[in-house]
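Asks: Numbering (this note's numbering), first residue to last: 224 to 484.
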Amino acid sequence: MKMSLFVVAVLLLIPVILAASASKDSVKSPSQKADLEKWAIHDMDRPLPPVVDPGPAGPPAVAPFDAVVLFNGSDLAQWEDAKGEPAKWKVEGGYMEVVAKTGSIRTKKGFGDCQLHIEWATPVVVLGEGQERGNSGVFLMDTYEIQVLDSYENRTYADGQAAAIYGQYPPLVNASRKPGEWQAYDIVFHRPRFAADGALVQPARLTVFHNGVLVHDNDVLTGPTAHKARPPYKAHADRLSLSLQDHGNPTRFRNIWLREL
224 MKMSLFVVAV LLLIPVILAA SASKDSVKSP SQKADLEKWA IHDMDRPLPP VVDPGPAGPP
284 AVAPFDAVVL FNGSDLAQWE DAKGEPAKWK VEGGYMEVVA KTGSIRTKKG FGDCQLHIEW
344 ATPVVVLGEG QERGNSGVFL MDTYEIQVLD SYENRTYADG QAAAIYGQYP PLVNASRKPG
404 EWQAYDIVFH RPRFAADGAL VQPARLTVFH NGVLVHDNDV LTGPTAHKAR PPYKAHADRL
464 SLSLQDHGNP TRFRNIWLRE L
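As structure tokens, this is what we get:
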């Protein structure tokens, strides 16, 4: 019980700790800019982040009292497919599982600035390699992706491994657990700001902890996630759905909750 209260306290403090860094100039740091200019998207020569053992998985994190619980382990009442129809993923054993070719799912409610907790697991049985292993994604505002992938002893391009801001930034370290083991993302997201005429005023920023290990520290996003491209920002609503990707692999998710900031 004491440990659960400690975990909740730490999670609640994350946005406070980040408040000072969130006020930095809304431009990429010199190192970020140089990194993006040096490496092409999905460049296999881009250095892979060092591997860090995050330790064994603990019990599911307890949602704070002010959190919006997006998946309670029993139904997909708060989710729908891209057409607005009921989500068709499987629910059993307290988790949801991607059903291939049924499509990605999204929350019925939209969100902007937020603190997100989500737990996931790739299949125990390893099939394929690279991007074929447990591929999925967490899309903030249905637009900005944090990659989900089995990156345990599985080589792929650095900006597409687990916890990468897909197509932009690799994680600082590879904190992946073995296939089938539960993993967690704790994400602090600040949405982009746009002027009335659609011009970008402030880009989106992301801080991500993978299995409790910092892997993105207030990173400035270049724009939306796209396939083999880094397109510029396009003005959108202040609140959009959180979505989870169907990439054809039976990846599992559980204990999804969000705090609006």
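Even for Gly, the Cβ is constructed at its ideal location relative to N, Cα and C.
Should H413 be labelled buried (16 or more other beta-carbon atoms within 10 Å of its own) or exposed?
Replies: Answer is buried; the Cβ neighbour count reaches 16.
Asks: Please name the residue in P273, N377 and E303 whose C-alpha comes closest to that of S466.
Replies: The shortest Cα separation from S466 among P273, N377 and E303 belongs to E303.
Asks: Taking the alpha-carbon positions, what's the R462 to F334 distance?
Replies: R462 and F334: Cα-Cα distance of roughly 4 Å.
Asks: Give the secondary structure of Q489 by DSSP, where H, G and I count as helix, E and B as strand, and everything else as coil.
Replies: In this structure the chain extends from 224 to 484, so residue 489 is not present and cannot be described.
Asks: Starting from H459, trace the beta strand (DSSP E) in both directions and tell me its first and last residue.
Replies: Here H459 belongs to no beta strand (DSSP E), and DSSP marks it neither H nor E.
Asks: In terms of alpha-carbon separation, which member of D442, F476 and A407 lies closest to K256?
Replies: Here the closest residue by C-alpha is D442.
Asks: Which residues in the same chain as V347 place their Cβ atom closer than 7 Å to its Cβ, once the five residues preceding and following it in sequence are excluded?
Replies: Cβ within range, chain order: P402 and G403.
Asks: Suppose only complete runs of 3+ residues qualify. What are the beta strand (DSSP E) ranges in the segment 313-388, listed by chain order?
Replies: Listed in chain order, they are 313-315, 318-320, 328-334, 337-344, 359-363 and 367-371.
Asks: Using alpha carbons as the reference points, say which of F417, E368, I341 and L484 lies closest to R453.
Replies: Taking only the C-alpha atoms, the option nearest R453 is E368.
Asks: Does the structure place the segment 373-393 close enough to the segment 303-315 that three or more beta carbon pairs sit under 8 Å?
Replies: Flag = no, the segment 303-315 and the segment 373-393 do not touch.
Asks: Using the Cα positions of D258 and P270, report the straight-line distance between them to the nearest angstrom.
Replies: Those two C-alpha atoms are separated by around 11 Å.
Asks: Taking just the CA atoms, how far does L484 sit from A344?
Replies: Computed Cα separation, rounded: 27 Å.
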